[in-house]
Structures are given as structure tokens and as C-alpha cells.
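Beneath this line is the structure, given in C-alpha cells, with notes to follow.
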């Protein structure tokens, strides 16, 4: 009888400990949820500010509203996603008015943008991000790259990729060789007639227009479809003297 009472007391104690642990965990979740809700409201205000700002290289505010909705539906990733979105908004609001930013600044922005867009795709999808630019490169911290130059290619990949295909993938590669910055973005698309290479051809020509003004013939922007794979390739010569010569004309 005493043994039975002892076992019951042990079970009761274990149950009580479990209840206390769950209660403490719930308090932590409630507190974290309140923090996320407050930060979410702050970011909504930033999106509203973005709509009112006249930004030379403007992104659609609807993009960020969609991102906010995606974040809300992925509560387990909310804090990290909100942090990345804050970085993206700060960059657009406070850095995009500059004529040039450093490779580091643009790459940090691009990585945050990719992290946010990952919410839209399955965690099992083949997503490859490769940054082959060394931080000790002499051009890494110099303001030689137009801000938001990576947006169009990255957003197009997540927007138009065939995410339902069993072999769906998105690949983003950053490189810097011989003073030439290159961004190659490829993704699986639904079968369609092959496209010939072209210097432009994107739905939004603002990127090409900016590159024409700043770099003239010192860049290439190509797109091609091969075997249900869309490939966009941007190369920009970052030699400072070339940029200055273009601006002086």
C-alpha cells in the first residue's frame, strides 16, 4: 500500500512539474508574441512611410505587404523574418537615395531579401546561395555599386519559379573577378519556348535604364531559357575611373 502511495505521489509530482513547465513556457511564448506584435506594428508603419516616400529606385509597397502577410503565417520564423525585413526597409529608406553603395551593403541587403523570400517556398526546395566575393577584396567596401541593383533578378526568381515541380530550384551566385561584379540567378520554370539572349527584356526596365546611365557599355544584362531553366546574368565593371567617366558625360 505504501509503495502504491509512493508511486502515486511520484506521478503527481511529475504531473505538477510538467504543468509548471508548460505554464512557464506559455508565459515565454506570450511575452515573445507581444514583442513580435509590437515589432510588426512598427514595420507596418515603416511600410506606410515607404509608400509616402519618393524613392528614386522604388520597389512596389505591395511587395512588402505580401512579405508581412507571409511572416504572419510562419509564426515559428517570425522573429528572424521581422529582423531581416527591418534590415531591408532600413536599406531602402535610408540607403537607396545614394548613387552608389559598397558591395558589402548591397550583399547584406540581398541576403536579407533572400531570407524573407524563403518563407514563400518549401524548406525542401533546392535553394542555393553562393557568395564568392572575398571580404578582403580592395573593392568590397568602396561605393561603386548602384543600390538595389540585385532586387529585380532575385525577386523575379522567387516570383516566377515553378515551385510545384519536384525538381524545383533557385540558384543565386555573387562573384567579383577582375573588377567585374556579376550576379547569376537561375530557377526552374514551366516549359515554354526558348528565349534568345538579350541585353534587357525584363518586365521592369528601370534596372537597365539605371545601368545605361551609370555604366553605358560597361555592363551586360542577359536572360536565357534552357531546358525549362531561366537564367539571368548581370555583369558590371566596377572600375572607379569608368564610373566617373560615365557620370561626367
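In my numbering, the protein residues as written are 14 to 262. Ideal placement from N, C-alpha and C gives every residue a C-beta, glycine not left out. Small disclaimer: the values here were computed from a predicted structure and weren't measured.
**Request:** Apply the 10 Å Cβ neighbour rule to residue 204 and answer buried if 16 or more other Cβ atoms are within range, or exposed otherwise.
**Result:** Counted from its first residue, the chain shown places residue 204 at position 191. Burial is judged here by how many other beta carbons sit within 10 angstroms of a residue's own beta carbon; residue 204 has fewer than 16 and is exposed.
**Request:** Pick helix, strand or coil for residue 103, following the three-state DSSP scheme.
**Result:** The sequence position of residue 103 within the chain shown is 90, counting from 1. Correct three-state label for residue 103: helix.
**Prompt:** What number of angstroms, rounded off, separates the C-alpha of residue 247 from the C-alpha of residue 195?
**Reply:** On the chain shown, position 234 is the one that residue 247 refers to. On the chain shown, position 182 is the one that residue 195 refers to. About 5 angstroms.
**Asked** Below 8 angstroms, can you find three or more Cβ-Cβ pairs linking the stretch 124-143 to the stretch 153-162?
**Response** No contact exists between the stretch 124-143 and the stretch 153-162.
**Prompt:** Start and end of the beta strand (DSSP E) containing residue 194?
**Reply:** Your numbering for residue 194 matches position 181 in the chain shown. Residue 194 -> beta strand (DSSP E) spans 193-201.
**Beta-carbon separation (whole angstroms), residue 202 vs residue 171, contact threshold 8 angstroms** = Counting from one through the chain shown, the residue named residue 202 turns up at place 189. Counting from one through the chain shown, the residue named residue 171 turns up at place 158. About 12 angstroms separates the two Cβ atoms, so there is no contact after all.
**Message:** Looking only at its chain, what residues have a beta carbon closer than 7 angstroms to the beta carbon of residue 42, apart from the 5 residues adjacent to it on each side?
**Reply:** Within the chain shown, the letter at position 29 stands for residue 42. For residue 42, where only same-chain residues beyond five positions count, there are no Cβ hits under 7 angstroms.
**Prompt:** Which residue's Cα is closest to the Cα of residue 165: 51, 97, 229, 127?
**Reply:** Numbered from 1 along the chain shown, position 152 holds the residue referred to as residue 165. Nearest of 51, 97, 229, 127 to residue 165, Cα basis: 127.
**Request:** Please report how far the alpha carbon of residue 119 lies from the alpha carbon of residue 37, in whole angstroms.
**Result:** If you number the chain shown from 1, residue 119 lands on position 106. If you number the chain shown from 1, residue 37 lands on position 24. Rounded to whole angstroms, residue 119 to residue 37 spans 41 angstroms at the Cα level.
**Prompt:** At what residues does the beta strand (DSSP E) containing residue 190 begin and finish?
**Reply:** Along the chain shown, one-based indexing puts residue 190 at 177. It spans 182-190 - the beta strand (DSSP E) in which residue 190 sits, taken as one unbroken run.
**Request:** Determine the DSSP secondary structure at residue 164, reduced to helix, strand or coil.
**Result:** Residue 164 sits at position 151 when you count from the first residue of the chain shown. Here residue 164 sits in helix by DSSP.
**Message:** Only counting the same chain, and skipping five residues up and downstream in sequence, which positions put a Cβ closer than 8 angstroms to that of residue 249?
**Reply:** Within the chain shown, numbered from 1, the residue matching residue 249 stands at position 236. Only 158, 162, 193, 194, 195, 224, 228, 231, 232 meet the Cβ criterion.
**Message:** Taking the alpha helix (DSSP H) that residue 123 belongs to, which residues open and close that run?
**Reply:** Reading the chain shown from its first residue, position 110 is the one you call residue 123. Counting along the chain, residue 123 sits inside the alpha helix (DSSP H) bounded by residues 116-130.
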